[in-house]
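Protein sequences appear in the order of chains A and B. Numbering (my numbering) for the first sequence: 1 to 265. Numbering (my numbering) for the second sequence: 266 to 530. Note that beta-carbon positions come from the ideal geometry of N, C-alpha and C, so glycine has one too.
Number of protein chains: 2
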Amino acid sequence: MANPMYRQIAEDLRAQIEGGDLEPGQQLRTEIELRDHYGASRNTIRDATKLLAAWGMVETRPGQGTFVVRKIEPYVTTLTGSPKVPILYGEVDDSAAGATGSERILYSTDPQVEIQKAGASVGKLLEIAEGSQVISRHQKRAIDGTPWSMQTSFYPMGFILKGADRLIQADDIAIGTMKYLEQTLGLKQVGYRDWITVRTADGTEASFFNLPPDGRVSVFEVFRTAYDQTGTPMRLTVTVYPTDRNEFIVNVGDVPDDGAGVVPA
Amino acid sequence: MANPMYRQIAEDLRAQIEGGDLEPGQQLRTEIELRDHYGASRNTIRDATKLLAAWGMVETRPGQGTFVVRKIEPYVTTLTGSPKVPILYGEVDDSAAGATGSERILYSTDPQVEIQKAGASVGKLLEIAEGSQVISRHQKRAIDGTPWSMQTSFYPMGFILKGADRLIQADDIAIGTMKYLEQTLGLKQVGYRDWITVRTADGTEASFFNLPPDGRVSVFEVFRTAYDQTGTPMRLTVTVYPTDRNEFIVNVGDVPDDGAGVVPA
DNA sequence: GGGTATTTGTCCGTATGTATT
DNA sequence: AAATACATACGGACAAATACC
């Protein structure tokens, strides 16, 4: 057995997909048909399609069939700079997919505000004691109806006592929380540090992002620590992005403008 | 069947691992023992351990058993700034693992130089015609014996004709290729753009990085386009990093020094 | 080196459950 | 309700990798 049969079958199907014989969205032959075609058992065919699914090339739908995955058009976030996509607030509604032409609109839920105790990561990055209280503001975001990111911002509890009480209200701060903190507390953001990791999605994330339950699609977890003029962390924002639909850009020094076309299609 | 049995078994084992009953590196009971313990068939046990493997919690070794994975201590790369780890050149040697104390030494192979035709990505990012010739310099890197990254730099073919002929020699350019290009061609790097994506590893990558063959561990693919003083791309560097042992930092504006401790352990 | 025991990997056939059309 | 297609679960047989004697 140079290569096991299920792997050979998977490679054969992969070649068909990459060669264009099977187009994105198209249905593969059923397991029974493939079993007869390759002269293998149905379980072996299933091992092959499982491998293809692990490679992210097909997805299986009970009662329907096995389909070649359509690549999701990635959304590119520039970490060095301000976001340029307009943000609309309100409920994230998955059913409103395939909306208006080619414009991409970012929807965001209203913030869900909680008082929590700082875990290890939050304490370390905000430079406060683990277990001390923090304000957390959580939002879910979608682009054109596709769930895109889950974001949680953490602020030290002291900000409330010092007068920034809008932080614990569950609505959006239209002028931006950074400007609000500057007006109320005199804290000005002078820089931030992003720490980028990748891990497997947990159950909540897999559910919100409609990820396959086999743990195949992982997520970016980006920790953004914002620093004030004294070099003290004033906010920690943790954002989770599925890796199958998100990419990042970092610009350093003097580079040509971003624009359509910096990234190959 | 609220939850399928193999999933319940997987959750039970997961709880044991997260609860500390099973420690990293420790061997699980054999499939036969687990079969008797849970009153399931061996195939069902195998489905459960496959799920745990997809979650990245265990790994199976033929002829040995199933083991709780040890988390690899991640190596953090700062994208905005110069690398600080000393680079030693020579052969990457997997067998020299577990070396000298806590210092981390980055080994790099000598460059493997080829003349290639630019693919779609390379052409687009270097702003040259797809199919035109480019110089590629490929290196593999390891830290403390663990394979860490695969890097390929692409330069326009014209650089050779204009006098930068050391680019096609298969040895390291000690002063750095950027300084070399400045001395020979007068091209000075004024900035760069990093484009960060995540995808599943291909066969070559899975082999070099010792990744499990099930497609679970994905890789970062970072495209760094360097621009000269005229705003023209002068180099494209594509680096592939396994996501299970690599993290990235991006600093923007005025932030406190990097150092041990910016990242939670 | 060879032989054996142990453990996971591959492959088969079958039966039944669940989701979708 | 019926048909279709994938999902779960079982039991068995043999292969391949590893460790140990």
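Residues L391, I393 and V399 of the same chain have their beta carbon placed closer than 7 angstroms to that of P421 (chain B), with the five preceding and five following residues left out of the count. Between S218 (chain A) and S483 (chain B) a beta carbon distance of about 6 angstroms is seen, short of the 8 angstroms cut, so the two are scored as contacting. Under the Cβ criterion of 9 angstroms, A319 (chain B) is counted among the residues facing chain A. A distance below 9 angstroms separates the beta carbons of G480 (chain B) and A54 (chain A).
DSSP places N251 (chain A) inside the beta strand (DSSP E), whose first and last residues are N246 to G253.
Partner residues in a beta bridge of E298 (chain B), as assigned by DSSP, do not exist. Three or more Cβ pairs closer than 8 angstroms define a contact, and the stretch 443 to 453 of chain B falls short of that threshold against the stretch 273 to 284 of chain B.
In this structure, V378 (chain B) sits near A435 (chain B), with a CB-CB distance shorter than 9 angstroms. Residue contact check for G253 (chain A) against chain B: a CB pair falls below 9 angstroms. Listed along chain B are L316 and A319, each with a C-beta nearer than 8 angstroms to that of D214 (chain A). By the neighbour-count criterion, in which a residue is buried when 16 or more other Cβ atoms sit within 10 angstroms of its Cβ, N246 (chain A) is buried. Judged by DSSP secondary structure, E11 (chain A) falls within the alpha helix (DSSP H) whose first and last residues are M5 to E18. Annotation for T449 (chain B): G428 and A429 place their beta carbon closer than 6 angstroms to its own, counting only its chain and skipping 5 residues before and after. Within 10 angstroms of the beta-carbon of N475 (chain B) lie fewer than 16 other beta-carbons, which makes it exposed. Among the residues of chain A, those whose CB is under 7 angstroms from the CB of F513 (chain B) are I196, following chain order.
Residue environment for G388 (chain B): buried (at least 16 other C-beta atoms within 10 angstroms of its C-beta). Distances from the CA of E73 (chain A) to each of A:M234, A:D144 and A:G39 were compared; the closest alpha carbon is that of A:D144.
With fewer than 16 other CB atoms across the displayed protein chains lying within 10 angstroms of its CB, D277 (chain B) is exposed. Shown here, E392 (chain B) sits in coil according to DSSP, grouped into three states, outside any helix or strand.
Residue pairing from DSSP places Y420 (chain B) in a beta bridge opposite B:I400. Annotation for E288 (chain B): V333 place their beta carbon closer than 8 angstroms to its own, counting only its chain and skipping 5 residues before and after.
At a C-beta separation below 8 angstroms, L236 (chain A) has no neighbours in chain B, since its nearest C-beta there lies roughly 11 angstroms away.
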